[in-house]
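To keep things clear, I will list the structure first and then write my remarks on it.
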Amino acid sequence: MKKVTITLLTLFSFYSHTRAQEFDIVTLHNKVSICYDANSKLDSITAHLLASDIEQISGFRPSTSAGIADVSGNVIVIGNIHAEIIARFRNKINLDSLNGKWESYGYRLLKAPTKNIKNALLICGSDPRGTAYGVFDLSARLGVSPWYWWADVKPVKRKKISIDIKDYTSAPPSVKYRGIFINDEDWDLQPWAAKTFEPETGDIGPKTYAKVFELLLRLKANLIWPAMHPFTKAFFHFPGNIKTAEDYQIIIGSSHAEPMLRNNVGEWDEKTMGRFNYFTNKEKIYSYWENRIRESRGINAIYTLGMRGVHDGQMEGIKDLRDAVPIVEKIIGDEREMLARYINKDVTAVPQVLTPYKEVLEIYDAGMKVPDDVTIVWPDDNYGYIHRLNNKTEQGRSGGSGVYYHASYWGRPHDYLWLSSTHPGLIREEMLKAFETGANRLWVLNVGDIKPLEYNITLFLDMAYNIKSFRDSRYVKDHLTNWAGSIFGTTHARKISNMLWEYYRLAFERRPEFMGWSQTEPTTPTNYTAYNHFYFGDEARRRIDKYSRLEAEMRNIRSQINVKDTDAFYQLVYYPIVCASLMNKKFLYRDKSYLYAKQNRLSAYDYAQLSSDAYESIVRETAYYNTTLAGGKWKHMMSMEPRSLPVYQAPVIPPIHIDSTNSWDIAPEGLVTKDSSLLSTTGSKSLPVFDVFNKQKYFIDIFLSKNQPVEWKVTTSDNWIRLSSSSGVLTTEPGKKEIRIWVDLDWNKFTGNEKMTGQITFQGAGRQMQVNIQGIKRNIPALSGYRGKIENCGFVSIQASHFSRQMKRGLQHWNFVEGLGYKDTVLQALPVTIADELPTDPDVIKSNRSYVEYDFYTFSSADPGITIFTLPTHPLNNLYHLRYAVSIDDGPLKMVDYKTFGRSEEWKQNVLRNRAEKKIDMPHLSAGKHQLKIYCMDPGVILDEIRIDLGGLKKAYSAIP
10 MKKVTITLLT LFSFYSHTRA QEFDIVTLHN KVSICYDANS KLDSITAHLL ASDIEQISGF
70 RPSTSAGIAD VSGNVIVIGN IHAEIIARFR NKINLDSLNG KWESYGYRLL KAPTKNIKNA
130 LLICGSDPRG TAYGVFDLSA RLGVSPWYWW ADVKPVKRKK ISIDIKDYTS APPSVKYRGI
190 FINDEDWDLQ PWAAKTFEPE TGDIGPKTYA KVFELLLRLK ANLIWPAMHP FTKAFFHFPG
250 NIKTAEDYQI IIGSSHAEPM LRNNVGEWDE KTMGRFNYFT NKEKIYSYWE NRIRESRGIN
310 AIYTLGMRGV HDGQMEGIKD LRDAVPIVEK IIGDEREMLA RYINKDVTAV PQVLTPYKEV
370 LEIYDAGMKV PDDVTIVWPD DNYGYIHRLN NKTEQGRSGG SGVYYHASYW GRPHDYLWLS
430 STHPGLIREE MLKAFETGAN RLWVLNVGDI KPLEYNITLF LDMAYNIKSF RDSRYVKDHL
490 TNWAGSIFGT THARKISNML WEYYRLAFER RPEFMGWSQT EPTTPTNYTA YNHFYFGDEA
550 RRRIDKYSRL EAEMRNIRSQ INVKDTDAFY QLVYYPIVCA SLMNKKFLYR DKSYLYAKQN
610 RLSAYDYAQL SSDAYESIVR ETAYYNTTLA GGKWKHMMSM EPRSLPVYQA PVIPPIHIDS
670 TNSWDIAPEG LVTKDSSLLS TTGSKSLPVF DVFNKQKYFI DIFLSKNQPV EWKVTTSDNW
730 IRLSSSSGVL TTEPGKKEIR IWVDLDWNKF TGNEKMTGQI TFQGAGRQMQ VNIQGIKRNI
790 PALSGYRGKI ENCGFVSIQA SHFSRQMKRG LQHWNFVEGL GYKDTVLQAL PVTIADELPT
850 DPDVIKSNRS YVEYDFYTFS SADPGITIFT LPTHPLNNLY HLRYAVSIDD GPLKMVDYKT
910 FGRSEEWKQN VLRNRAEKKI DMPHLSAGKH QLKIYCMDPG VILDEIRIDL GGLKKAYSAI
970 P
């Protein structure tokens, strides 16, 4: 008999038997019944959903009843510890571990507790939501995904279901309030709800919110900030919305710009109510707030305090943010008086939050006093980097603090509303940092339209529910694998998670939505990317190839998955990977068309076509999503051009003009335009220098310039020059107008200290071209067994995690963080505990601070410029900066601070590329061995890559290989 085994003894068990006991749910001889507390609407909802879940798996739908009077055999009993249905068994079970707990649940298994009941599985909650979490946890363990409806995840069918279960009590959630903010819903969720799912309402209404709230409970969340854009009617507009939230016991909140549960963009009518201006229209505004507070009496709610503009803008009438401090303090005081008058005389018992978002953070840091019982919700910068967290004083506030975090955003410097492109490793790093500094009262994730952010939402809420495992940075990959396995089965879980991880890693380097190198607010046209097509082995082609390999792997897995998983795979894996790949190719192929036309390559036409084809493929895939996927269930849910920004449009291909005087030509690596090469010698070209320590491999492209085939061959002057190909035919067929030949050297044919020169000769159609080669083999005894980095054509590139040695002093030092950065591992200054004032005296820093040290070797003397790339985090709190200190060969110490201010151009570029870079000019270096030290200063600083320019460094967008 097939069975599902539930292991319920975990790190969070408080009460358990020593042995698991078997409980049959659906077998040949036993069919379970489900009964629930008749006085709880939520228990009724979850009982019926559990019955539906069991039916999805087995085809049998258990009966459900309010009470146990008419049930027999095996029974699942659902209720909180105060319910009468659970009280019947209190003399047979111990539920003390649930008393007084927040949103906890327990499983208790009883043999023959009554005359008619053979076995009873009690799912007991410390409160209504705790009970629901217990029910849905059981569903998940049986194989029903929280995303069964929202992503068409189908469970494995089986006719028999039995579980091995131990008595268990869950721990309270790590974060008290955990939820999502539906936002920027104009292009997907709202039109889908209005036209496809809930046309009777014509909006996001009770039917849609019921599905949202069910999802939240299945993900063990409890809070909603409802949709609030102008296209969507206010949450309170439909009385059914409030009733549905009450039924599902979901807490209603509102965003940073919506005090007192008011949706200003939908409810403030300037024509009849006047300006939303506290200074000129205070009475109308207060009446507006009071009406909603009265209406919300008895509702499970969290009230947002303060005041901003009608939408996401600055408060009207404020000329100076410092002048705003007493005004906002007065507004908050008045709002609290209203809450005390209508909700609870003890206003400290009313959940309240202040989210210091954008200009409100400046007002707060200018000295604004917030009542101690109010929860401060720290925002990120809209791109996944939290602006700031608690200082020591704030850590002691009774109201605690939380985080408002974005996985979707509309605004400058550019939106990302299309795909799920926030790296799981970044979410883990930032949210763990928040938790460790005391931000554990409320977490809210801006999820846009919910789809396609399924995994980001799961990760965020799983962290909020149970943070413990995430303290190890390696666990995020395991979490993704477990998630994939819960949906597609264990056979392909690791491969699917590896593919998704690479998808997120590539998006971390540059989000698909940012590949146009354009900006918004104001909106600018797309531009050419910063990927280098002519150095580092063709950086642009390397990115294209990574996406192509990712697509190939994904398509291979797609052909092997179970038929039942087809729709889920398309939504969760296929569409994001394919469309991210296509968006990258749309722009990188366009760049190649433009740049290769300058070199008179006939292939420029092919790349123009490939760019256009990529765009058309996105159109087709999105049409499939909206019309065919899941039988049309998601019609209007996926827009490939939110806000119709330039990045989403068909590529703009410049006119192509090819000089066909010569039928063919060559372009060695480093040749940027037709008449530029590394040597000024007329008639010949050169590759960069090869050396024995770096063992470089360079490319040479041979290409058509005239629309006629060419048979070509290549010869070398010496046998130490190795080629990937030596002859072939270029034709006018697409994809065959050019070929790339890779060149490296056979160093075994060099003896001693040698500088060898040679030539590669290309011949075809009566024409001959030559490329000069230079290889240097140095015999340097000091480098025998040397493990440091060695100069490569005038530069040294080092991944920050590849240090030579480390010195740990005191509590804080550089730590590995896996799954983050351009190469998937970074160094972070940890722990993020709040320390005393940091030293600034160079001698004290050198003698007392932890550091990492990098060995490197230079062949020639130079005045080096060092560029250090960090993640563009923000200071831990308002008392810190983002400093580290640098020295070479124990020379003068250079202090670096990459803190940015406001929405500066530097900050914009940082978040667009997920990198901050600082260049440091260092003292003159002679040839030989050197040591670079980077000292740990402010907590939370994250090092990614180091480049040392000795005079030969070329521009590279991604990490230099």
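One gets the numbering used here by counting positions in the sequence shown from 1 and adding 9 to each.
Even glycine gets a Cβ: it sits at the ideal position worked out from N, Cα and C.
Small disclaimer: the values here were computed from a predicted structure and weren't measured.
Burial state of residue i, where buried means 16 or more other Cβ atoms lie within 10 Å
| i | result |
| --- | --- |
| Ser859 | buried |
| Pro235 | buried |
| Ser686 | Legend: pLDDT at Ser686 = 34, less than 50; position of this residue unreliable, value from coordinates given subsequently. Looking at its Cβ environment, which holds 16 or more other Cβ atoms inside 10 Å, Ser686 is buried. |
| Glu207 | buried |
| Thr313 | buried |
| Glu954 | buried |
| Glu625 | exposed |
| Gly525 | buried |
| Gln777 | exposed |
| Pro970 | exposed |
| Lys595 | buried |
Supposed contact pair residue j and residue i - C-beta distance, whole angstroms, cut 8 Å
| i | j | result |
| --- | --- | --- |
| Val719 | Gly773 | 5 Å |
| Gly767 | Asp727 | 4 Å |
| Phe712 | Arg610 | 5 Å |
| Ala75 | Ala96 | That pair is no contact at about 15 Å. |
| Tyr373 | Pro365 | 4 Å |
| Val386 | Leu232 | The Cβ separation is near 11 Å, so there is no contact. |
| Thr73 | Phe145 | That belief does not hold up - the Cβ atoms of Thr73 and Phe145 are roughly 15 Å apart, past 8 Å. |
Length of the line joining the Cα atoms of residue i and residue j
| i | j | result |
| --- | --- | --- |
| Ala838 | His822 | 6 Å |
| Ser689 | Glu846 | Any reading at Ser689 must be qualified, since the residue scores a pLDDT of 37, below 50, and its modelled position is unreliable; no value is offered. |
| Ala416 | Asp958 | 36 Å |
| Asp684 | Arg558 | For Asp684, the predicted model reports a pLDDT of 45, less than 50, meaning its position is unreliable and no value from the coordinates is stated. |
| Ile854 | Met816 | 12 Å |
| Gly900 | Gly949 | 26 Å |
| Asn703 | Lys786 | 10 Å |
| Ala358 | Ala219 | 28 Å |
| Tyr579 | Ile341 | 48 Å |
| Leu379 | Glu338 | It is worth fixing the name first, because residue 379 is Val in this sequence and not Leu. If you take the alpha carbons of Val379 and Glu338, they lie about 7 Å apart. |
| Val841 | Ile87 | 42 Å |
| Pro200 | Ala639 | 17 Å |
| Pro71 | Ile63 | 7 Å |
| Trp277 | Tyr287 | 13 Å |
| Gly139 | Asn89 | 8 Å |
| Tyr351 | Arg303 | 6 Å |
| Leu435 | Ile782 | 44 Å |
| Phe247 | Asp212 | 10 Å |
| Asn565 | Thr490 | 18 Å |
| Lys291 | Leu270 | 18 Å |
Residue i versus the options, residue with shortest Cα-Cα distance
| i | options | result |
| --- | --- | --- |
| Tyr795 | Val920, Ser810, Tyr366, Gln940 | Gln940 |
| Asp355 | Asp382, Leu330, Lys124, His542 | Asp382 |
| Tyr418 | Arg503, Gly405, Gly434, Tyr394 | Tyr394 |
| Lys832 | Asp852, Phe825, Gln808, Phe812 | Gln808 |
| Asn9 | Asp600, His265, Ala617 | Nothing can be reported for residue 9: it is not among the residues displayed for the chain, which extend from 10 to 970. |
| Leu509 | Gln258, Glu463, Tyr116 | Glu463 |
| Lys927 | His666, Tyr484, Ala894, Phe517 | Ala894 |
| Glu915 | Arg519, Ala613, Pro422 | Pro422 |
| Leu604 | Leu680, Arg564, Phe222, Ile627 | Leu680 |
| Asp176 | Leu131, Thr140, Lys204, Thr217 | Leu131 |
| Lys460 | Ala502, His645, Asn125, Thr849 | His645 |
| Gly737 | Thr725, Gly409, Ile750, Trp729 | Ile750 |
| Arg437 | Ile466, Ala47, Leu591 | Ile466 |
| Ser602 | Ala549, Arg818, Thr670 | Ala549 |
| Thr205 | Asn635, Gln918, Gly76 | Asn635 |
| Glu800 | Tyr866, Lys917, Leu829, Ser793 | Tyr866 |
| Glu862 | Ile843, Ser305, Ile897, Arg892 | Ile897 |
Complete beta strand (DSSP E) runs within the segment 275-352 (minimum length 3 residues, chain order): none
List, from N- to C-terminal side, the beta strand (DSSP E) runs of 3 residues or more that fit wholly inside the segment 111-177. 114-120, 126-134, 170-174
If you scan the segment 381-420 from start to end, which runs of the alpha helix (DSSP H) of 4 or more residues do you find wholly inside it? 401-404
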